[in-house]
Each structure stands twice: as C-alpha cells, then as structure tokens.
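2 protein chains.
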Amino acid sequence: MLKLIEGNAIIGQSGGPTAVINQSLVGVVEGLRGLKPIKKVLGMRHGVTGLMKNLPCVDLSGTPWEVLEKVAKTPSAALGSSRDKPKEEDCGRIFDACKAQDVRYFFYIGGNDSSDTCRIVSELARKHNYEMRCFHVPKTIDNDLMCNDHTPGFGSAARYVALAFMADDRDNASLPGIKINVVMGRNAGFLTAASAMARHNEGDGPHLIYLPEVAFDPDRFVEDVKAVVAKHNRCQIAVSEGIKDKEGRDIGAMLIQGAQTDSHGNAQLSGSGALGDMLSNLIKEKFKSPTGKSPRVRADTLGYLQRCWPESSPIDAAEARSVGVFAGQAAARGEMEGSVSIMRLSNHPYRIEKRLIPLRDVAAKTKVMPVEFIHGTHDVTRAFLEYCKPLVGELPHFAHF
Amino acid sequence: MLKLIEGNAIIGQSGGPTAVINQSLVGVVEGLRGLKPIKKVLGMRHGVTGLMKNLPCVDLSGTPWEVLEKVAKTPSAALGSSRDKPKEEDCGRIFDACKAQDVRYFFYIGGNDSSDTCRIVSELARKHNYEMRCFHVPKTIDNDLMCNDHTPGFGSAARYVALAFMADDRDNASLPGIKINVVMGRNAGFLTAASAMARHNEGDGPHLIYLPEVAFDPDRFVEDVKAVVAKHNRCQIAVSEGIKDKEGRDIGAMLIQGAQTDSHGNAQLSGSGALGDMLSNLIKEKFKSPTGKSPRVRADTLGYLQRCWPESSPIDAAEARSVGVFAGQAAARGEMEGSVSIMRLSNHPYRIEKRLIPLRDVAAKTKVMPVEFIHGTHDVTRAFLEYCKPLVGELPHFAHF
C-alpha cells in the first residue's frame, strides 16, 4: 500500500459521449467519497480543452448526491467533452491549471484517443516532476479498446441499434423494399454487428451486415442484395460507416463534401447521409428494370442517437458506474496510474471482473472484431451473438402473423 | 338502429405504418367480438394490394387473443401495408375477393391517402350494388387528418422526436457545434414542431425549427444560425423534410437522386440524407473563416425510426386501440360507413371524444399546422406546446451542471 498524496482530484470526460458516460463520472466521485487526503473532487469543463482555456471547474464533491444521481441518468458528457489532443506546448497550461487547484489525482473518462491523452498527461507530469496520479476510465460505443472484453457505452448503443433494426425490419416487412441502415464505427464493426441481435424469427433482418473489417466490394454487394430479394422479396442491410475499399480507404469519408477532421486525425464519417445515399443510388441503378423502374430503396443513417439515446442498457449503466467506482478505489488504495479494464469471466451466468492495467496497453490502439466473430463477407457468427447478448439487456419480442 | 347485414368483416392497414397501428387493428377485432351477424374477422395482407393480388387473408377471429395482444404491442403494420391507390379497373378484383369471402364490413386503417382509398372502395361498392359497410380508422404520424384534433401514431412519433432532440441536444452541448436534424412530414409540420417538447431549461435546443408551412429562405437560415451561435456557441436545428422554397416546391425531393414516387403522386422525401447534407454544406461554406476553417457541422436525418420506434407513447397506444374499438362498435350498432375522428374536450384534465364522420370529410385532404401554433419563421408557440404535451406522455428530466 503506497502512501496517499494530499490534494484534490479532477475528472474529465473526453471523446464521443455515450448514454452512460455520466454513470462513470458519478462512479469516480463515489469511489473517492470519504477519502481524507482528497479534499475536493473537481470536474473539468470540456476535458483538457477546458484546463488549457482555464475554464472554471465544477465542484463535484460539493454537489448534492441527488443531483449527481440525476446527472448519472442523463446521456452525454455532463461536464462537456473534448476532441483535443494536447501538444507538448499545451501541457504547461494543463499543469498550471492542475497546480493552481492542487490537483494530484487525474481521472479521464474516454476511448482510445482519450486514453492516449491521459498517457501523455501522465508522462509529462512525471517529466515535469509534478506528482499527479492519472487514471483512465474506459468508455466508447465503438467497443474498440484493447485489453477489454467490452467497453461501457457499447451495450447501450448496441441495444439502440438492435431495437432500431427490429423495428425497422417490421417497417420494411410491411412495405417491402430494400432498406440500408448505416451504423457508427470507424474501424471496429462491433456496433454494426449488434444489428444481428434484432433477429428472432426466420427471415428477420438484417439480411446483410457489412463490417469495416471486411473490404467492401460494390459488385458483390449488389449480388448479395439480389440474392436476398430473390428469397425474401425485401432486404434489410446493416452497413458500417467505416467500410473500406480494397485499398483500405474509408468509403464514407471520400463521399462527404468538406469532411471535417479532428485533432487525432480522424476524418468525419458521421453526421452525413452520403454513404447511405451512395449505396441507395447504386442499388436503384443496378436494379432498374428494362422499363426504367427500380424497386423501393431507402437509406437511413442512424446517427448520433446511437450514442445518446436515453434508454440505456441496464447492465451497461451498472458497469459504467462500476468502472468509475473502481478507478476511484484504485486511487484510494494508492495506485499510481492505470486504465480500468473489463474481463469476462463467464457467459452463463454472465460475470465480469475489473483490473487496473498500464495506460500504454490501451492508449491510441484499436481493437477490431476478432475473426471468430465474422462470418463470411456479410454476417456475424453465433459466437458474436453469445458475446453481445448479455450486454444489450432484454429485448422485446415482436409478434408476426 | 339499422339492421346488421350477415357476413364477414375484413381489416386492412395502409400507408406508412406507425408504432401503434397494430393497436388499432386489434381494437377493431375487439370492437366486433361476440357479434353474431359477423362470422369471421379477416385481415388483408398488404391492404387492397393483397385483395387485388388475391393474397390469402389472415383469420383474425381465429387467432388466440394472447397472440393479438402481442401483435398490438408490435410496431408497424403486422398485416403488411400498401401505398397502392385502386383504380376503377382494379376494383373488380377487390370486390371479387370480398364477395368470395362474403365480406360485408370493410375496415381500413390509414391516413389521408388511405381514407381516400376507403372512400373509393365504398363508392364503387355502392355503384356495383354490393352492400359493404366501409369504415376508416385514422392513423398517421404526420397528424395531418382533417376533422381530427390529432391522429393515433402521432403521439408516439412525437415522443420519439422529443426524446431524440433532448438526447442529441446534450450531445451537442458536450461537443459544441451546429447540428441539423431532419424530421419527417411532407406538408404538415406537427412532427417537426414536436421537437420543441425537448426544451426544459434555458438554452436547451432545438434553437431553430423550420416547418413546411413557412417558406424556407436559405439566406435567412444562415443568419438565424449565426445569431444562435453568437448567443449559445452552438446550435441545434429541427428541419422538416417537407420544407418548401418560396415557389412551394419540395426542396428535399429536388435533391434526392432518382427520387421515387408512389401511386398517390407523393415524391420520395424520406430514406435519404440529401436535405440534411445540403444544409450542412451550406453552413460549412457560409461559416468559413478567412483561414478556410469552418465550425463543426453535422446533420442527421431521423428516418423511419420515427414511425416505428417500439417504445410508444402510452396515451397514443391507448387511443390507437380505442379508435379501432370505436370503429368496430360503430359497425356493430348498424352504422353504414364513416371515419373515426378524435375531438379534444379539454386539456386539464386531458379528455377526448370520438365521433363517426363522413368519409369524404377526411379523404385525400391534408391539415397543416394552424397559424396559432407557428411563431415567426422558425419557432412554435406556447399553444402548440400545450396541445402536444399530453400526446407524448411523460418525458425524462435531464440534469445540467
């Protein structure tokens, strides 16, 4: 047991928000409660951006517990988020802000880019001989963190995607046609794969699932759709916004007019219907009859609601809280730094365990769908469904005639 | 009390489905239960299209009640829907199908195009001296039926839109930028207006609401956004897919490559991100700084989930059921034909009454937002909020710091 250094703690939220990221925020506060050496728990406004800009912090330890519980149930980052990657020259301002507020414990809730920010802050603190214990709390709907069975935020997004495909499949069955739904996920196809959770009965969609892990071939796509339409007289399709051509280039980013790029170098994929519309036009064109008539083709891009829909997966909400608590408790028992990771112990019953792992093991790395989760060129395996099932929570069962 | 004619009843679902249209279906069955002169209650597959194609019907009166209750809770048209408008020459086949199954009661659940189909079927039956009592049961997320305070299906769609804007507004607040959300609605802005239900605290979005009832001016739009960004450093915008230019042309339909048209002459507006992307590009272009940098701009098109999201508004589900029951009971008491309409008796407490009105009063007509619901060029009035509030049901309250 290492000695606890006296001072304040600060918590930041970073990257794309999730429906349960505030559970983790409140979890950290919970994990630090009643800890004598830590006087105050502060909340950064907009992550490190707020520190760099000297935005006043939120006094979390001074916030009534019932308010925090309401915050926990509110989707998206209540403190504000940030996509900034601090450069060497920015760090002076970050430490000045931390020193000025006597911050010795730094918690950063985020995905792989954010864990990299946490690692940078930690290394620079050491370099500047400023003792600050840095902890990364995992969050991402993309589910793409290394050394994690899954990531808080994914379950709720996956639940939204599963419900969306279930409901939209009934819509498509009632007015048959070809329906494309574009799902979030830059390099990892987990969220797109979660659409498969929508299948309950023979013939249910999605009939085709295109992941960023499998090179997308437009000709094969058209043939795939033709085969499904021949069988079911309709076709519901899940397409990841991150699908890549055989050269590995993002097809979506190339289609977005004036696509914007963040400081981590990620080109805009979301917030545009361009990919869905291109695929829809492709199908309309290739399915044209000799008289020029094409079947009913529609494309929806599920958009930002995937990461902020307020009805979260109960297990995801509970786990998001628990990783925050775990990070707070790790600091409380004298750990110097690390990232909280989730390991799965068993599926039946579903049980997980949390560990503290080195920051460098997760920082700026991306986990993609393992091969055992991918079936052929346009589907997922039973192993993926087994994996995903406990994370989304119970789904309704729809009746067919 | 008119004499009841002996024979079977048939029920069809038509037009764009809703989250609660199956409640109305089961409602009609409920309203007809135990009625001696009516032997069987049948379900048309895909509305009149199924009759024209001689698709076998579903035996609804022979379906166990617990199955029907599950169907009622399933979104989208369980019998299948149709967008076909029967022509004079099609009607022979429709009557042949009805006669062959001894159908004397015809129920059609749908919007204004579908009520027109119901009127056509009713008139042609009379012309062909075939006694068939025709009833229209209202449904539409657009809320655009004449002689109705509101329409079953709208409340659930409005609830989804309100929740979507609430959640997306928190997302936008955490990573500030300009966010455009395109909402369904061809000529009537009710559903787009429902986005205003998302506002609970000062500064909450949507900050701008563009309805199809107010001619859309791109220059004024850019100025509106600039003013909101100057005040809030971000802007969340609700835009109807049905916005029109000053000549009254659908802006969205002009942008969709190969836009498809249904048999009622409606050009495709949904199932494409083209309108949102155009507005997003306009903002990116007009907000460019001298260095060529533009603010973060994203557009989502809420899409088909608006009409099929499985978590319906409880009051809407109950009303959808009750209009079906009312139609069945109207037939049971010997009414010859009509459309069920909803009148609001009071707001506090919320009370409605149902009436049977002539088919021609609703058929193929469109109600739009009354002037007292529209505030200026980009907002709704308090009167609209009062009107909409009971329909969406209770909304969660999000906490801000």
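Respectively, the protein sequence lines represent chains A and B. If you number the first sequence the way my numbering does, the last residue is 1330 and the count never jumps. If you number the second sequence the way my numbering does, the last residue is 1330 and the count never jumps. No residue lacks a Cβ here, since even glycine has one placed at the ideal position from N, Cα and C.
When DSSP states are grouped into helix, strand and coil, B:R1033 belongs to the strand group. Two segments are said to touch when three or more pairs of C-beta atoms, one from each, lie closer than 8 angstroms; by this definition the region 971-978 of chain A does not touch the region 1301-1311 of chain B. At a cut-off of 8 angstroms between C-beta atoms, B:C986 does not count as an interface residue with respect to chain A. Checking the DSSP bridge columns, you'll see B:S1268 partnered with B:H1065 and B:I1286. Taking a Cβ-Cβ threshold of 9 angstroms, none of the residues of chain A is close to B:D1153; the smallest such distance is about 20 angstroms. Closest in C-alpha terms to B:S1275, from the list B:D1019, B:D1290, B:C1317 and B:G1200, comes B:C1317.
Cβ-Cβ distances below 7 angstroms link B:D1153 to L1137 and H1307 in the same chain, with the five nearest sequence neighbours on each side left out; the list follows chain order.
Contact annotation: A:L984 and A:V970 have beta-carbon atoms that are not nearer than 8 angstroms. Assigned with DSSP and collapsed to three states, B:L1137 falls in strand.
Assignment of A:G1205 by DSSP, reduced to helix, strand and coil, places it in the helix class. Separation of the CB atoms of B:D1245 and B:P1141 is rounded to 22 angstroms, and the pair is thereby denied contact status at 8 angstroms. Assignment of beta strand (DSSP E) within the region 1083-1131 of chain B, counting only whole runs of 3 or more residues, yields 1107-1112 in chain order.
Of the other Cβ atoms in all chains shown, fewer than 16 fall within 10 Å of the Cβ of A:G991; this residue is therefore exposed. An exposed status is given to A:H1326, since fewer than 16 other beta-carbon atoms sit within 10 Å of its beta-carbon. Straight through space, the alpha carbons of A:V949 and A:V1226 are spaced by roughly 34 angstroms. The beta carbon of A:D1097 sits closer than 8 angstroms to some beta carbon of chain B. In terms of beta-carbon proximity, B:G1009 lines the interface with chain A, with at least one pair separated by less than 8 angstroms. Take the alpha-carbon of B:H1057 and the one of B:D1148: they are about 56 angstroms apart. Pairing B:G941 with B:M973 gives a Cβ-Cβ distance under 8 angstroms. For A:A1228, the closest Cβ of chain B is nearer than 8 angstroms. The Cβ of B:L980 sits no closer than 8 angstroms to any Cβ of chain A.
Per DSSP, B:I950 lies in no beta strand (DSSP E); the unbroken alpha helix (DSSP H) holding it starts and ends at I950 to L961. Against chain A, the CB of B:L1320 has no partner CB under 8 angstroms away; the residue lies outside that interface.
Within the region 1224-1249 of chain B, those residues whose Cβ lies closer than 8 angstroms to any Cβ of chain A are, in chain order, R1225, V1226, R1227, A1228, D1229, T1230, L1231, G1232, Y1233, L1234, R1236, C1237, W1238, P1239 and E1240. A:S1192 has its alpha-carbon roughly 14 angstroms from the corresponding atom of A:S1044. Here the alpha carbons of B:I1109 and A:G1106 stand approximately 27 angstroms from one another. If the five residues before and after A:L1184 are omitted, its C-beta is found closer than 7 angstroms to the C-beta atoms of A1203, L1204 and M1207, all from its own chain and listed in chain order.
Beta-bridge analysis with DSSP links A:V987 to A:G972.
The contact set of B:G972 on chain A, defined by CB atoms closer than 9 angstroms, consists of F1330 in chain order.
Any Cβ of chain B closer than 8 angstroms to the Cβ of A:D1042 would place that residue at the interface, and such an atom is absent. Apart from sequence neighbours up to five positions away, the residues of its chain that approach B:K1173 with a beta-carbon distance below 7 angstroms are P1141, A1144, F1145, D1179 and I1180, ordered along the chain. B:D1229 is bridged by DSSP to B:N1110.
Flagged as an interface residue toward chain A: B:V1000, by a C-beta distance shorter than 8 angstroms. Nearest to A:F1035 by alpha-carbon distance, out of A:N1041, A:I967 and A:A1102, is A:I967. Residue pairing of B:A938 in beta bridges, as defined by DSSP: B:V970 and B:Y1034. Per the coordinates, the alpha-carbon of A:A1292 lies some 40 angstroms from the alpha-carbon of B:V1151.
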